[in-house]
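Peer 1: Sharing a structure here in structure tokens format.
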Amino acid sequence: MLTATTLSVRQGGRCVLRNLAFTARRGAVTGLIGPNGVGKSTLLRAIAGLLPHDGHLRIDGQPLPADARERARLIGYLPQGHHLHWPLTVRRTVELGRLPHLGPLGRLGRADRAAVDRVMAATGIAPLSDRAVPTLSGGERARVMLARVLAADAPLLLADEPTAALDPGHQLRILALLRAEATERARAVLVVLHDLSLAARSCDNLILMLPDGGVIAGPTPSVLTAEALRAAYGVSFAVTRLADTPLVVPLTTAPLPAGPSHPQTNAGVLAHAD
Amino acid sequence: MRASFTLFGGLIALVIAAALAGLGGGYVPLSPADILSGLSGVGDPRLVAIVREVRAPRVLLGLEVGAALGLSGAALQGLMRNPLAEPGLIGVSSSAGLGAVIAFYFGLAALSPYALPLLAMAGAVAATLVLLAVAARDGSTLTLILSGIALSSLSVALTSLAMNLAPNPYAITEMLLWLMGSLKDRTPTDALTALPFILAGGALLLTAGRGLDALALGEDTARSLGVDLTRLRLRVIGGVAAAVGASVAVSGSIGFVGLVVPHLLRPLVGHEPGRLLLPSALGGAALVTVADLVTRLLPTTQEVMLGVVTALVGAPFFLVLILRARREAL
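Chains as they are written, first to last, in the working numbering: chain H, 46 to 319; chain B, 954 to 1283.
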């Protein structure tokens, strides 16, 4: 379980996240939602150890290790976008996810190959093994990148908008995969989502980040209320159900709240420029 | 796995063939038997002198300089995730060249045989220190490339200034010829002076493979996989400075080897930056040795300079590469 208490993140001398407290349980999918610029990606980067932070972050009660490789074995991080700088094969790309486990010579052992085989089968990309990643469709590429982060077998999984730019079928498939990893392998999954209906149907718990720096966290139905969403997005919402599926529909726009926003990270910009 | 054995076998055979051709080819053609007796020091003393004093240092230099340039190119391309990166690009080559020109300008090169290589390496080290300071402050690749371009322009300007103010036309000629890059008239001492630096730099670069592989996924992901990017950068820049600085110190600037060789070999190693390193060293060694043989065999009154040959072949290649990269980006 990931526990954050009094978590603050400073970027460029400015405090962009202040005094946050939340948890992400093992065996559950926790959704991280909130308007653009509220700091969802920043929060994930801080947890992944890419940004310095104040306050406490613990995994299963233990503080995060200072050593980067040790931390990489505990936390898998899937950034936004599916960028790959060289046209590697699918198998090699997934194998890169085993890096934190490799010895000094960098050779893959039997356990490493077994882990790679497993995640490739689970994500359904085994038949694409020898294809170059840039020749794949967007949905296939998203699954390759997901397999890459799953291969590390880390107890905590951070995914930054893994469903961006995917069709509804692929969106549901990616979230079903995350769900399976959470329940079958008792991982804590923390995923940034923008589609609120998708979040409503696929997350056990939600963390809603508000423009004023506050956070509403808890079981999904308790967070997804019309009032909370209005406070977060400045839009009135209808929260309803269609058959058995929760449905969150934005209705009318209110004036934009004058909340603080901060620039997107480089990673995000580059990923979109591609 | 089998594919990489074939690749290594082929490249090693190529390097051996290039070395034998380099020992045998030239103004006095030698048979393999001649080479063998020349190397072992028995037989015709003139033969022994040609092989031991002229051809062997030249071939050894070609191999080590080529390996340094090919390996440095592959490592820099991996670090910058850009197939157009080259040791010349980050200013190391031109700064080493500046050091050498200073040695000529003050007449130090005539005073001591060590002045030229020492000053060239000092130039490479100075450029590296600047780059390291920049990299420690802001790790982005773009900053590194832009600083390299600025450094390289500064070195070229200072080199031009030295020529501009040169005491006599003879000094200018000497600087110019040296800057063109050549393996002609090098002594066994030259070959042995550069070797330890090239080996040390090469060892640093060869251990960077895993980090370079991870960088294929971007800087954030590489860091999240436990790669220490600052240390990786220090390793690559330091390795390139040692290997290229020592190469430029003994051979002048030989361009485009670090660009062409990794590019040709990349598809054969599945585009993996780590697996590209060693083959690029072997390919570079073979290419420079063969290119040097070509300069000796061309029927010209003045021997054509090696740097001129590699630039004549490399520059159009570079242009085609840029055009193709642009087309792929569209």
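Cβ coordinates follow ideal geometry from the N, Cα and C atoms, glycine included. Since the model is a prediction, treat every value here as computed from it, not as a measurement.
Going along the segment 122 to 147 of chain H in order, which residues come within less than 7 Å of chain B, judged by CB to CB distance?
Peer 2: Those would be Y122, P124, H128, L129, H130, W131, P132, L133, T134, R137, L141, L144 and P145, in chain order.
Peer 1: In chain B, which residues lie with their C-beta within 9 Å of the C-beta of H:L173?
Peer 2: Under the 9 Å cutoff, chain B gives no residues; its nearest Cβ is about 15 Å from H:L173.
Peer 1: How far does the beta strand (DSSP E) with H:S281 in it extend, from its first residue to its last?
Peer 2: Where H:S281 is concerned, the enclosing beta strand (DSSP E) stretches over V280 to L287.
Peer 1: Closer than 8 Å, CB to CB, is H:V114 near chain B or not?
Peer 2: Checking the sequence shown, residue 114 of chain H turns out to be Arg, not Val. It does: the Cβ of H:R114 has a partner Cβ on chain B nearer than 8 Å.
Peer 1: Give, in chain order, every residue of the segment 149 to 178 of chain H whose Cβ lies closer than 8 Å to some Cβ of chain B.
Peer 2: Within the segment 149 to 178 of chain H, the qualifying residues are G151 and A177.
Peer 1: Taking the continuous alpha helix (DSSP H) assigned at B:G1015, which residues delimit it?
Peer 2: Where B:G1015 is concerned, the enclosing alpha helix (DSSP H) stretches over A1009 to M1033.
Peer 1: Are the CB atoms of B:L1029 and B:A1038 within a distance shorter than 8 Å?
Peer 2: Yes.
Peer 1: Which of the three DSSP states, helix, strand or coil, is assigned to H:I261?
Peer 2: Looking at H:I261 - three-state DSSP - the assignment turns out to be strand.
Peer 1: Please determine, among B:M1116, B:G1164, B:A1199 and B:L1182, the residue with the shortest C-alpha to C-alpha distance to B:T1146.
Peer 2: B:T1146 has its Cα closest to that of B:A1199, out of B:M1116, B:G1164, B:A1199 and B:L1182.
Peer 1: Enumerate in chain order the residues of its own chain whose CB-to-CB distance from H:P97 is below 6 Å, with the five nearest sequence positions on each side excluded.
Peer 2: Closer than 6 Å at the Cβ level, and outside the excluded window around H:P97, lies no residue.
Peer 1: The segment 75 to 100 of chain H: which residues have C-beta closer than 9 Å to a C-beta of chain B, in chain order?
Peer 2: Residues passing the 9 Å Cβ filter: R90, A93, G94 and L95.
Peer 1: Specify whether the segment 982 to 996 of chain B and the segment 1201 to 1209 of chain B touch according to this definition: at least 3 beta carbon pairs, one from each stretch, less than 8 Å apart.
Peer 2: No, they do not touch.
Peer 1: Between H:P291 and the rest of its own chain, which residues show a CB-CB distance below 6 Å, the 5 nearest in sequence each way excluded?
Peer 2: A245 and R246.
Peer 1: Quick check on B:E1225 - is its C-beta less than 8 Å from some C-beta in chain C?
Peer 2: No chain C is present in this structure, whose protein chains are H and B.
Peer 1: Counting contacts by CB-CB distance shorter than 8 Å, is B:G897 in contact with chain H?
Peer 2: Outside the displayed span of chain B (954 to 1283) sits residue 897 of chain B, for which this structure offers no information.
Peer 1: Are there three or more Cβ pairs, one per stretch, closer than 8 Å when the segment 1040 to 1059 of chain B is compared with the segment 1076 to 1091 of chain B?
Peer 2: Verdict: yes, contact present.
Peer 1: Give the interface partners of H:A117 over in chain B, defined as CB-CB distance under 9 Å, in chain order.
Peer 2: The contacting residues are R1176, S1177, L1178, G1179 and V1180.
Peer 1: Using DSSP with H/G/I as helix, E/B as strand and the rest coil, what is B:L1159?
Peer 2: B:L1159: helix per DSSP, three-state reduction.
Peer 1: Among H:R176, H:P295, H:L77 and H:L144, which has the Cα closest to the Cα of H:V161?
Peer 2: Of the candidates H:R176, H:P295, H:L77 and H:L144, the one whose C-alpha sits nearest the C-alpha of H:V161 is H:L144.
Peer 1: With a Cβ-Cβ cutoff of 8 Å, do H:R232 and H:L269 count as a contact?
Peer 2: Their beta carbons are not under 8 Å apart, which means H:R232 does not touch H:L269 by this criterion.
Peer 1: Got a sec: does the ligand FAD put a non-hydrogen atom nearer than 7 Å to the Cβ of H:A210?
Peer 2: Questions concerning the ligand FAD fall outside what the structure shown contains, since it holds no ligand whatsoever.
Peer 1: Between the segment 57 to 69 of chain H and the segment 247 to 264 of chain H, can you find at least three pairs of beta-carbon atoms closer than 8 Å?
Peer 2: The segment 247 to 264 of chain H is in contact with the segment 57 to 69 of chain H.
Peer 1: Roughly how many angstroms lie between the CA atoms of B:R1035 and B:G1026, to the nearest whole one?
Peer 2: Reading off the sequence shown, one finds Asn at residue 1035 of chain B, where the question assumed Arg. So the two alpha carbons sit approximately 10 Å from each other.
Peer 1: Closest to B:V1045 by C-alpha separation, out of B:E1172, B:L1246 and B:S1106, would be which residue?
Peer 2: Selected option, being the one with the closest Cα: B:S1106.
Peer 1: Does the CB of B:R1163 have a neighbour CB from chain H at under 8 Å?
Peer 2: So yes, B:R1163 belongs to the interface.
Peer 1: H:V314 CB to nearest chain B CB: under 8 Å?
Peer 2: Caution is warranted here: a pLDDT of 37 is assigned to H:V314, below 50, making its placement in the model unreliable, and the coordinate value is therefore given only provisionally. Cβ-Cβ to chain B under 8 Å: no for H:V314.
Peer 1: Going by C-alpha to C-alpha distance, which of H:R230, H:A227, H:A187 and H:V234 sits closest to H:L211?
Peer 2: Selected option, being the one with the closest Cα: H:A187.
Peer 1: Pull up the distance between the alpha-carbon of H:Y278 and that of B:G1155, whole angstroms please.
Peer 2: Their backbone Cα atoms lie some 55 Å apart in a straight line.
Peer 1: Just checking: is the beta-carbon of B:L1283 within a distance shorter than 8 Å of some beta-carbon in chain H?
Peer 2: Since pLDDT at B:L1283 reaches only 45, below the 50 mark, its modelled position is unreliable, and the value read off the structure follows with that caveat. False, the Cβ-Cβ gap to chain H never drops below 8 Å.
Peer 1: Starting from B:L1235, trace the beta strand (DSSP E) in both directions and tell me its first and last residue.
Peer 2: Counting along the chain, B:L1235 falls outside any beta strand (DSSP E), though it belongs to the alpha helix (DSSP H) covering P1226 to L1250.
Peer 1: Against chain H, with Cβ distances strictly below 8 Å, would B:A1038 count as a contact?
Peer 2: So no, B:A1038 is outside the interface.
Peer 1: Taking B:A1062 as the reference, which of B:L992, B:W1131, B:A1238 and B:L1104 has the closest Cα?
Peer 2: Closest option to B:A1062, Cα to Cα, is B:W1131.
Peer 1: Using a C-beta cutoff of 8 Å, does H:A318 count as contacting chain B?
Peer 2: A caution first: H:A318 carries a pLDDT of 34, below 50, which makes its placement in the model unreliable, though a value can still be read off. Chain B, which has no Cβ nearer than 8 Å to the Cβ of H:A318, makes this no.
Peer 1: Rounded to the nearest angstrom, what separates B:G1237 and B:I988 at their Cα positions?
Peer 2: For B:G1237 and B:I988, the distance between alpha carbons rounds to 23 Å.
Peer 1: What residues in its chain sit with their C-beta under 6 Å from that of B:Y1058, if we drop five residues either side in the sequence?
Peer 2: Only A1115 meet the Cβ criterion.
Peer 1: Classify H:C60 as buried or exposed, calling it buried when 16 or more other Cβ atoms lie within 10 Å of its own Cβ.
Peer 2: Exposed, by the Cβ-count rule.
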